[in-house]
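Structure, as structure tokens:
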């Protein structure tokens with residue numbers, strides 16, 4: 011009943027601070043699988059997707075004041091999808107993966123969106139891990155390899171000197187914690203999406219995998235903010 015009450019409040023047009031507080035409470039509660047059973051419905055998923063700006067079409071991310079709400083809503087969706095098979099099925103019905111790819115595109119060249127990007131990528135990783143149909147959808151329909159590779163390239167700030175050769179800058183400072191976390195989530199999602207890609211047929215696919223290989227090489231030469239984070243990245 012508490013989760014249902016929180017979602018009823020979130021459905022209304024409340025203040026940002028109230029939305030963040032409600033989402034933080036829901037995120038904690040959503041770690042319990044038993045709590046999720048009565049609240050994992052299409053309506054409730056759509057409430058969270060709306061707050062995460064996943065149903066906003068082509069509208070850009072303009073209001074930085076809304077960013078904490080978007081991040082908390084994505085965190086809630088991560089917990090719910092990880093802990094609920096019903097939510098995983100609803101994700102396919104609601105076309106969640108396509109909306110996440112769209113949100114990822116909006117994060118390009120945007121400031122202060124690293125947390126949004128990171129949890130968007132984490133959700134794509136979870137969906138591609140837990141639902142084989144979504145993994146196929148990402149690979150075949152949503153150009154997931156390209157979308158995720160570009161997200162990885164952006165997180166690593168790759169600078170190209172040739173088509174498949176990135177610049178090696180020995181004096182470059184380590185990645186920030188946020189950049190490292192984004193890169194790690196992109197790598198995890200890429201692993202799932204390319205898991206069955208041993209047979210490359212088209213010229214475009216060949217280009218995409220050579221491009222990805224160059225970025226992965228660059229990744230191995232990149233340091234994170236700590237030794238542990240560098241090891242996790244590699």
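Numbering (my numbering), first residue to last: 11 to 244. The C-beta atom is built at its ideal place from N, Cα and C for all residues, glycine as well.
Worksheet item: Count the other CB atoms within 10 Å of the CB of residue 197; is the residue buried (16 or more) or exposed (fewer)?
Response: Classified as buried, residue 197 has 16 or more neighbouring CB atoms from the shown chains inside 10 Å of its CB.
Item to complete: Starting from residue 172, follow the alpha helix (DSSP H) in both directions and report where the run begins and ends.
Response: If you look at residue 172, you'll find it isn't in any alpha helix (DSSP H); it sits in the beta strand (DSSP E) that goes 170-172.
Practice prompt. List in chain order: all unbroken alpha helix (DSSP H) runs of 4+ residues lying wholly within the stretch 28-72.
Written response: You should have 43-46, 52-61.
Worksheet entry | Contact set for residue 149: own chain, Cβ-Cβ below 6 Å, skip 5 residues either direction | Beyond the five residues adjoining it in sequence on each side, residue 149 comes within less than 6 Å, by CB distance, of 203 in the same chain, given in chain order.
Worksheet item: Whose C-alpha, out of 28, 187, 83, is nearest the C-alpha of residue 237?
Response: The candidate whose alpha carbon is nearest that of residue 237 is 187.
Item to complete: Jot down the residue ranges of each uninterrupted alpha helix (DSSP H) in the stretch 84-109, minimum 4 residues, whole runs only, in chain order.
Response: Restricting attention to alpha helix (DSSP H) runs no shorter than 4 residues, the stretch 84-109 encloses them at 95-103, ordered along the chain.
Worksheet item: Going by the CB atoms, is the gap between residue 61 and residue 49 shorter than 8 Å?
Response: Taking 8 Å as the cut-off, the beta carbon of residue 49 is found no closer than this to the beta carbon of residue 61.
Worksheet item: Beta carbon of residue 134, beta carbon of residue 193: below 8 Å?
Response: No, Cβ-Cβ distance for residue 134 and residue 193 is not below 8 Å.
Discussion item. For residue 121, count the other beta carbons within 10 Å of its own beta carbon; 16 or more makes it buried, fewer makes it exposed. Which is it?
Written reply: Counting Cβ neighbours within 10 Å, residue 121 comes out exposed, since fewer than 16 surround it.
Discussion item. If I follow the unbroken alpha helix (DSSP H) through residue 134, where does it start and stop?
Written reply: Segment 124-140, the alpha helix (DSSP H) holding residue 134.
Worksheet item: Smallest Cα separation from residue 15: which of 244, 45, 163, 27?
Response: The option with the nearest alpha carbon to residue 15 is 45.
Discussion item. So, at 7 Å on beta carbons, what are the nonlocal neighbours of residue 87 in its own chain, with the 5 sequence-adjacent residues on each side left out?
Written reply: These residues qualify, in order along the chain: 58, 62, 133.
Item to complete: Within 10 angstroms of the Cβ of residue 28, are there 16 or more other Cβ atoms? Answer buried if so, exposed if not.
Response: Label assigned to residue 28: exposed.
Worksheet item: From residue 182 to residue 116, what distance separates their C-alpha atoms?
Response: Residue 182 and residue 116: Cα-Cα distance of roughly 27 Å.
Fill in: Backbone CA spacing between residue 92 and residue 23 [nearest angstrom]
If I take the Cα positions, the gap works out to 28 Å.
Discussion item. Am I right that residue 109 and residue 143 are in contact with their C-beta atoms under 8 Å? What's the rounded C-beta distance?
Written reply: 16 Å between Cβ atoms; not a contact.
Practice prompt. Report the residue from 223, 72, 55, 77 whose alpha carbon sits nearest the alpha carbon of residue 30.
Written response: Distance check between residue 30 and each of 223, 72, 55, 77 places 77 closest, using alpha-carbon atoms only.
Practice prompt. Give the secondary structure of residue 176 by DSSP, where H, G and I count as helix, E and B as strand, and everything else as coil.
Written response: Of the three classes helix, strand and coil, the one that applies to residue 176 here is strand, per DSSP.
Practice prompt. Return helix, strand or coil for residue 251, following the three-state DSSP convention.
Written response: Summary: the structure shown does not reach residue 251, with the chain confined to residues 11 through 244, and so no result is reported for it.
Discussion item. Going by DSSP in three states, residue 116 sits in which element: helix, strand or coil?
Written reply: Secondary structure of residue 116 (DSSP, three-state): helix.
Item to complete: Specify the secondary structure class of residue 15 as computed by DSSP and reduced to three states.
Response: In this structure, residue 15 counts as helix in the three-state DSSP scheme.
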